[in-house]
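Enquirer: All you need for this note's numbering is the position in the sequence shown, starting with 1, plus 463. Virtual Cβ for every residue (Gly too), placed ideally from N, Cα, C. Predicted model, so just to flag it, every value in this text is computed and none were measured. Can you read through this structure? Questions will come right after.
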Amino acid sequence: MTYQHIEVKPISGALGAEIAGVDLSQDIGNAVFSEVQQALHENLVIFFRDQELTPEQHKDFGRRFGTLNIHPQYVPLDGHPEILPILKEPEDTLNIGDVWHTDVSFLEQPSMGSILYAHEVPDAGGDTMFANQYLAYETLSDGMREMLDDMTAVHSDRILSNPASAKNRNDGRSTVIKEDAMTEEEITNEHPVVRTHVDTGRKSLYVNDPFTVRFSGMTEEESQPLLQFLYAHATRPEFTCRFRWEKKSVAFWDNRCTQHYALNDYQGQRRSMHRVTVNGERPI
Ligand code: SIN
Numbered sequence: 464m465t466y467q468h469i470e471v472k473p474i475s476g477a478l479g480a481e482i483a484g485v486d487l488s489q490d491i492g493n494a495v496f497s498e499v500q501q502a503l504h505e506n507l508v509i510f511f512r513d514q515e516l517t518p519e520q521h522k523d524f525g526r527r528f529g530t531l532n533i534h535p536q537y538v539p540l541d542g543h544p545e546i547l548p549i550l551k552e553p554e555d556t557l558n559i560g561d562v563w564h565t566d567v568s569f570l571e572q573p574s575m576g577s578i579l580y581a582h583e584v585p586d587a588g589g590d591t592m593f594a595n596q597y598l599a600y601e602t603l604s605d606g607m608r609e610m611l612d613d614m615t616a617v618h619s620d621r622i623l624s625n626p627a628s629a630k631n632r633n634d635g636r637s638t639v640i641k642e643d644a645m646t647e648e649e650i651t652n653e654h655p656v657v658r659t660h661v662d663t664g665r666k667s668l669y670v671n672d673p674f675t676v677r678f679s680g681m682t683e684e685e686s687q688p689l690l691q692f693l694y695a696h697a698t699r700p701e702f703t704c705r706f707r708w709e710k711k712s713v714a715f716w717d718n719r720c721t722q723h724y725a726l727n728d729y730q731g732q733r734r735s736m737h738r739v740t741v742n743g744e745r746p747i
């Protein structure tokens, strides 16, 4: 695809592109919007530099792509329920997202995409990695793909809502899980193991370590060996890219066909981000 309004520079062979020529604080017109959307479909995660975004402008940009999610477990930014502060203070030992995952896959209609904006970043470290889940699916053997095509899996929020796990996390980090989220019933939903993207028509692998607990019709113990194989396969280095943040950078990833991993390698430094999460459709 050629672009008339924006510049699109891929950053790896697998996925990810830096976009230039867009000011996200402005109401982007339909022509720019459709090229940004196209760039997301082609590159799965797109990055913008030097953006000046207020929380309202951040949310407005997200709303161009759908309704905004209010995270069921995390305490939101004051006055902005749709913004999740992703904050690691120098004394925190834990961060958010240092395991390969796709956002909120335990919801009935999980997220289509997340838009993360950097307010403060460490001098070095705190990069985010992304993995292409179309490639993860396409590189499996014919036999494995045929088997997975007919399977569904159970996704759960228990890693966040289980009181012991949540308390342990809250002790080590500044982005905190709400007390009432720990007493609510576990959220579980079943999704296809291989989903078809509603816009691109491509199939991708849709299981992830923190939230997928078992295949439907199997026990957790029975499911684990194959799930562990799929997690390792899905994040092979050649399916990934790595983004080096700067203050005022934005990353926008498609949760339907990627996984991501936030590195926790900047102990003693502060990293402060805001995330807007756009709702998606029930996976098919
Ligand atoms: C996340 O959304 O999982 C966090 C990503 C990051 O902080 O880089």
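Based on DSSP bridge pairs, tell me the residues matched to G576.
Expert: Taking the first residue of the sequence shown as 1, we reach residue 576 at position 113. DSSP output for G576 lists D717 and V741 as bridge partner(s).
Enquirer: Let me check understanding here. Comparing Cα to Cα, which of Y694, E647 and T651 lies closest to Y669?
Expert: Walking along the sequence shown from the start, residue 669 turns up at place 206. With distances taken between Cα atoms, Y669 lies closest to Y694.
Enquirer: Would V538 and T646 qualify as a contact pair, given that the criterion is a beta-carbon distance under 9 Å?
Expert: Residue 538 sits at position 75 when you count from the first residue of the sequence shown. Residue 646 sits at position 183 when you count from the first residue of the sequence shown. No. Outside cutoff.
Enquirer: Following a CB-centred definition, is T591 positioned closer than 8 Å to any heavy atom of the ligand SIN?
Expert: What you label residue 591 is simply residue 128 of the sequence shown in a count that begins at 1. Flag set: Cβ of T591 near the ligand SIN.
Enquirer: What's the gap between the Cα of L547 and the Cα of M575?
Expert: Along the sequence shown, one-based indexing puts residue 547 at 84. Along the sequence shown, one-based indexing puts residue 575 at 112. Those two C-alpha atoms are separated by around 16 Å.
Enquirer: Hey, quick one: how far does the alpha helix (DSSP H) through S604 stretch, first residue to last?
Expert: Counting from one through the sequence shown, the residue named residue 604 turns up at place 141. Neither: S604 is in no alpha helix (DSSP H) and is coded neither H nor E.
Enquirer: Whose CA, out of R621, L531, I469 and D523, lies closest to the CA of S488?
Expert: Residue 488 sits at position 25 when you count from the first residue of the sequence shown. If we check each option's Cα against that of S488, D523 comes out closest.
Enquirer: Any chance the stretch 720-734 sits against the stretch 548-555, with 3 or more Cβ pairs inside 8 Å?
Expert: Yes, the stretch 720-734 touches the stretch 548-555.
Enquirer: Cβ-heavy atom distance between I549 and the ligand SIN below 8 Å?
Expert: As a position in the sequence shown, residue 549 is number 86, starting the count at 1. The answer is yes for I549.
Enquirer: Which two residues bound the contiguous beta strand (DSSP E) that contains H504?
Expert: Reading the sequence shown from its first residue, position 41 is the one you call residue 504. Segment N493 to N506 is the alpha helix (DSSP H) holding H504; no beta strand (DSSP E) there.
Enquirer: Note down the Cα distance separating M614 from P655, rounded to an integer number of angstroms.
Expert: Within the sequence shown, the letter at position 151 stands for residue 614. Within the sequence shown, the letter at position 192 stands for residue 655. If you take the alpha carbons of M614 and P655, they lie about 6 Å apart.
Enquirer: Where does P535 sit, in a helix, a strand or coil, going by DSSP?
Expert: As a position in the sequence shown, residue 535 is number 72, starting the count at 1. Three-state DSSP puts P535 in coil, outside helix and strand.
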